[in-house]
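Reviewing the structure listed below.
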Amino acid sequence: MKDLLWKNIAHLKRQSPLVHNITNYVVMNNTANALLAAGASPIMAHAHAEMEDMMKICQALVVNIGTLDEYWVTSMKKAATQANQLQKPWVLDPVGAGATPYRNETLADLLKLRPTIIRGNASEIMALANHNTTPTKGVDSSAESNEAVAAAKFLVDNYQTTVCISGETDIILNQEKEIHLSNGNALMAKITGMGCSATALVAAFAAIISDKVEAVSSAMALLGVAGELAARESKGPGSLQLNILDKLHNITKAEFIATLKIEIKRG
Amino acid sequence: MKDLLWKNIAHLKRQSPLVHNITNYVVMNNTANALLAAGASPIMAHAHAEMEDMMKICQALVVNIGTLDEYWVTSMKKAATQANQLQKPWVLDPVGAGATPYRNETLADLLKLRPTIIRGNASEIMALANHNTTPTKGVDSSAESNEAVAAAKFLVDNYQTTVCISGETDIILNQEKEIHLSNGNALMAKITGMGCSATALVAAFAAIISDKVEAVSSAMALLGVAGELAARESKGPGSLQLNILDKLHNITKAEFIATLKIEIKRG
Amino acid sequence: MKDLLWKNIAHLKRQSPLVHNITNYVVMNNTANALLAAGASPIMAHAHAEMEDMMKICQALVVNIGTLDEYWVTSMKKAATQANQLQKPWVLDPVGAGATPYRNETLADLLKLRPTIIRGNASEIMALANHNTTPTKGVDSSAESNEAVAAAKFLVDNYQTTVCISGETDIILNQEKEIHLSNGNALMAKITGMGCSATALVAAFAAIISDKVEAVSSAMALLGVAGELAARESKGPGSLQLNILDKLHNITKAEFIATLKIEIKRG
Chain A
-12 MKDLLWKNIA HLKRQSPLVH NITNYVVMNN TANALLAAGA SPIMAHAHAE
38 MEDMMKICQA LVVNIGTLDE YWVTSMKKAA TQANQLQKPW VLDPVGAGAT
88 PYRNETLADL LKLRPTIIRG NASEIMALAN HNTTPTKGVD SSAESNEAVA
138 AAKFLVDNYQ TTVCISGETD IILNQEKEIH LSNGNALMAK ITGMGCSATA
188 LVAAFAAIIS DKVEAVSSAM ALLGVAGELA ARESKGPGSL QLNILDKLHN
238 ITKAEFIATL KIEIKRG
Chain B
-12 MKDLLWKNIA HLKRQSPLVH NITNYVVMNN TANALLAAGA SPIMAHAHAE
38 MEDMMKICQA LVVNIGTLDE YWVTSMKKAA TQANQLQKPW VLDPVGAGAT
88 PYRNETLADL LKLRPTIIRG NASEIMALAN HNTTPTKGVD SSAESNEAVA
138 AAKFLVDNYQ TTVCISGETD IILNQEKEIH LSNGNALMAK ITGMGCSATA
188 LVAAFAAIIS DKVEAVSSAM ALLGVAGELA ARESKGPGSL QLNILDKLHN
238 ITKAEFIATL KIEIKRG
Chain C
-12 MKDLLWKNIA HLKRQSPLVH NITNYVVMNN TANALLAAGA SPIMAHAHAE
38 MEDMMKICQA LVVNIGTLDE YWVTSMKKAA TQANQLQKPW VLDPVGAGAT
88 PYRNETLADL LKLRPTIIRG NASEIMALAN HNTTPTKGVD SSAESNEAVA
138 AAKFLVDNYQ TTVCISGETD IILNQEKEIH LSNGNALMAK ITGMGCSATA
188 LVAAFAAIIS DKVEAVSSAM ALLGVAGELA ARESKGPGSL QLNILDKLHN
238 ITKAEFIATL KIEIKRG
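Same order as they appear, the protein sequences are chains A, B and C. The first sequence runs -12 to 254 under our numbering. The second sequence runs -12 to 254 under our numbering. The third sequence runs -12 to 254 under our numbering.
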């Protein structure tokens, strides 16, 4: 499995899929840079008039609701609908799920459009499965990944999707498979948009790999290992941010394989 | 006083207040990173439908007009009104005050909502107190902090607020107290959004400290000292930006106390 | 010519022109930082109510359509029209030209407003001259600069403009002159918004230099040489991004002259 994930990472650099990102203002720059560093090709757009055309030339879509408003929610729905019609994968990042009724209602609508993959932290995944849960810290998780497994399974069963609960342990599952990854470093939580970069990488791998648990695992393994290696030479969140971009670009097979901590739970 | 400010900085990391930022597109990423590095928790949102709900879960609000438009101005007013009703502090950053009539009119409206704290450079504070002054350089100050003291006192007296004039010397005052800080480095002016990061940190400290001159001083002292220390190991504005984030995260009491230059003028 | 370009670079730091940027969300932060590092002064704004007033206080305008929508396109037209009336230079960056009909239609409208300068990669310049060409990779070029020379000449002849085709070789031409520059490093393509930063620098130099081929060449030479020098000490795209900002700020005449690769083709 470690060799397979590495093969996918190398494959991404050769294929360089074009990923359409409807994402939040806070992270657009570092998300685009994460995609470029890993070898994918980002585009960011939201005009209603070009959502369908843009999906025609892209291989995957990110829908991230971080700084949503009425106009952007329409953009998201247009692009997701088109992605479905063209059978291209789209990934939902439910940023701040549970923080406000408006987010919950928007997410309920987006779930009806059947995201191929959902990636969120434990608080977000729990809020997405059950609107009664309110995360205590806005966009940061106040729960551990394993607390959200039941919520993830609910989403998998009801929306035929693949879910990634990211955190100290990343739990990736759908009806067939389940994989746990345990890389990364606590300092990564001190950089804004690490989760959003993860989602963008997930979309990039989903563009080129048909098995969705494998695609998500490739993305989360790459970012987790890159983050863990980068943290070793970082003095704080500022240097970590740039060291992660460097490492996404120059990671070697040897260091990837030696660092990756993976457990295949099912499938 | 130096020990008190340090106590507040340590307190921020433990409390990790959630700060709602309605801020400009240019600085969202580094503002969020500055809050995270200092130990606070950022959220950025602007949808009208969630402005009131968002203020319920946050402990403070930033209103920064850098890239304002009609939609965002309504978001700002909704959130500020709600902050007032819930007696949560909100901080106004009058970016580019005086540059255009639209900015001046918007600021006049926002002043009526009584910001808890106002932070701007000397040109902005003067423009805010007197619409006849036009800054010569857009968002950069063309004046020294001490030139804006009369304007700051006008704002304090007329709006019962606390004002921070930031610059080579940061002047923080309200009706009871006045503190001057003299840290930082000229290279900080070559990074976009240093002032905006200052405003966000001010909001974070205002969320946990009731004395507003003390709260603002804690924020400005932290950023000024971090910037001054970071500049010593920076080759230009690129490395300074990341070194400041690192230093906001890993600053020690010893270096903070040894570097801080503070004068208590009143109170 | 090398001495002349360096004189312009030094001149920019002294003059510090104010550049109004209507640009895309992805690059606002690093574009502003590039302008500051090179010595110019950025402002980013888009509210319809202040577009004309903002052009009055700025010396040049950037119109970058990366994340366009209906509101922003109106902002762009208002500002460009005002720039023309005030005889201030404006630079068009046709990001993603050819990717969607909406982009092509918007660009056709903007061309009618006669940009002083157009800067794009080869795919974008070809798409701008001939709507039938679709770039295969969204915002990244799939062609070499020299393939776009005929398209650039078409734009020059039909719109009395100056065109810069950026790439491994930057080709800068108008009816009088043509200059080729060959600096830079392949890793620069792995940072988002390098082209957008180039456009912003072009606007800054156009604000202070009347000969437009000379102005564009000063900007492209500065960024190309800074990028080439910065790449020598970078481990990947993360460190390159910050090293470029450092180098834009601290570049010396000796290293600029020694590194610059320039060919005067005409004029």
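All C-beta atoms in this analysis are idealised placements derived from N, C-alpha and C, irrespective of residue type, glycine included.
Can you tell me the Cβ-Cβ gap for residue i and residue j, rounded? I've got them flagged as a contact below 8 angstroms.
i	j	result
residue 207(C)	residue 151(C)	6 angstroms
residue 201(B)	residue 246(B)	Residue 201(B) to residue 246(B), Cβ: 19 angstroms. No contact.
residue 93(B)	residue 60(B)	5 angstroms
residue 224(A)	residue 230(B)	No, residue 224(A) and residue 230(B) are not in contact; Cβ-Cβ is about 11 angstroms, not under 8 angstroms.
residue 31(A)	residue 15(A)	6 angstroms
residue 138(A)	residue 112(A)	5 angstroms
residue 7(A)	residue 67(A)	About 10 angstroms; that fails the 8 angstroms criterion.
residue 274(C)	residue 248(C)	Since the displayed chain C opens at -12 and closes at 254, residue 274(C) lies outside it and no answer follows.
residue 209(B)	residue 177(A)	Rounded, the Cβ-Cβ distance is 15 angstroms, inconsistent with contact.
residue 109(C)	residue 130(C)	4 angstroms
residue 27(A)	residue 191(A)	4 angstroms
residue 155(A)	residue 184(A)	About 17 angstroms; that fails the 8 angstroms criterion.
residue 222(C)	residue 237(A)	6 angstroms
So the candidates are the options; which of them puts its Cα closest to the Cα of residue i?
i	options	result
residue 243(C)	116(C), 77(C), 211(C), 71(C)	211(C)
residue 17(C)	40(C), 188(C), 135(C), 33(C)	188(C)
residue 180(C)	29(A), 185(A), 240(A)	29(A)
residue 54(A)	44(A), 234(A), 83(A)	83(A)
residue -4(B)	219(B), 203(B), 220(B), 253(B)	203(B)
residue 91(C)	68(C), 115(C), 106(C), 100(C)	115(C)
residue 219(C)	174(C), 167(C), 68(C)	174(C)
residue 89(A)	39(B), 185(B), 167(B)	39(B)
residue -2(C)	9(C), 25(C), 217(C), 102(C)	25(C)
residue 182(B)	144(B), 105(B), 135(B), 148(B)	105(B)
residue 143(B)	167(B), 98(B), 134(B), 155(B)	98(B)
residue 33(B)	226(B), 10(B), 74(B), 44(B)	10(B)
residue 153(A)	48(A), 135(A), 146(A)	135(A)
residue 46(B)	117(B), 52(B), 36(B), 72(B)	72(B)
Beta-carbon of residue i versus every beta-carbon of chain C: anything under 8 angstroms?
i	result
residue 29(A)	yes
residue 90(B)	yes
residue 78(B)	no
residue 108(B)	no
residue 123(A)	Any reading at residue 123(A) needs caution, since the residue's pLDDT is 49, under 50, leaving its predicted position unreliable; the model's value is listed next. No, residue 123(A) lies away from the interface with chain C (no Cβ there is under 8 angstroms from its Cβ).
Counting only beta-carbon separations shorter than 8 angstroms, does residue i have a partner in chain B?
i	result
residue -2(C)	no
residue 84(A)	no
residue 87(A)	yes
residue 146(C)	no
residue 101(A)	no
residue 13(A)	yes
Taking 8 angstroms as the threshold (beta carbon to beta carbon), is residue i in contact with chain A?
i	result
residue 16(C)	yes
residue 54(C)	yes
residue 238(C)	no
Under 8 angstroms, Cβ to Cβ, is there at least one residue of chain D near residue i?
i	result
residue 138(B)	Although the question refers to chain D, the structure presented lacks it and instead comprises the protein chains A, B and C.
Residues in the region 211 to 235 of chain B with C-beta within 8 angstroms of chain A's C-beta atoms, listed in sequence order?
Flagged, chain order: 228, 229, 230, 231, 232, 233, 234, 235.
Output needed in chain order: residues of the region 175 to 207 of chain C with a Cβ under 9 angstroms from some Cβ in chain A.
Cβ contacts with chain A: 176, 177, 178, 179, 180.
Determine, using beta-carbon pairs with one atom in the region 183 to 201 of chain C and one in the region -3 to 15 of chain C, whether at least three such pairs fall under 8 angstroms.
Below 8 angstroms, enough C-beta pairs join the region 183 to 201 of chain C and the region -3 to 15 of chain C to call them touching: three or more.
To be precise: take each residue of the region 18 to 50 of chain C, compare its Cβ to all Cβ atoms of chain B, and keep it if any distance is under 8 angstroms. Which residues remain?
Cβ proximity to chain B below 8 angstroms picks out 19, 20, 23, 24, 28, 29, 30, 31, 32, 33, 34, 35, 36, 37, 40, 41, 44, 45 from the region 18 to 50 of chain C.
For the region 158 to 166 of chain B against the region 68 to 88 of chain B, do three or more pairs of beta-carbon atoms, one drawn from each stretch, fall closer than 8 angstroms, so that the two count as touching?
No, they do not touch.
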